[in-house]
Amino acid sequence: MTVQTISINVDADAARSFHAAPPEDRRKVELLLSLRLRELVQRPARSLRGIMDEVGAEAAAKGLTPEILESLLRDE
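Here the sequence shown is numbered in the working numbering, starting from 119 and rising by one per residue.
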């Protein structure tokens, strides 16, 4: 598989966490993002709102509450 570099904007905490992670964990994150981006591009065009609603519904179905999300966003 050919690999290319892209730049995406993330918040400072996400960037710090990514750069502080061990190389193996960073490779896993990169692979997951690559797969998710490919999946999003291959689907029929949808609105950003639709995608956000779907991601939110999946997270809620897996037990993510607003309180847990807030806690995760505060953690490094």
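Beta carbons: idealized from backbone N, C-alpha and C, even for Gly.
For this session: Below 8 Å on the Cβ atoms is my guess for R144 versus F136; work out the distance and round it to an integer in Å.
Result: Within the sequence shown, the letter at position 26 stands for residue 144. Within the sequence shown, the letter at position 18 stands for residue 136. Right, the Cβ-Cβ distance comes to about 6 Å (below 8 Å), so this counts as a contact.
Exercise. Which class does D193 belong to by DSSP, given the choice of helix, strand or coil?
Worked result: Position 75 of the sequence shown holds residue 193. In the structure shown, D193 adopts coil according to DSSP, grouped into three states.
Exercise. What three-state label does DSSP hand A139 in the structure shown?
Worked result: Against the sequence shown, residue 139 aligns to sequence position 21. For A139, the secondary structure class from DSSP, reduced to helix, strand or coil, is coil.
Exercise. Between which two residues does the alpha helix (DSSP H) carrying R164 extend?
Worked result: If you number the sequence shown from 1, residue 164 lands on position 46. First-last for R164: undefined, no H or E at that position.
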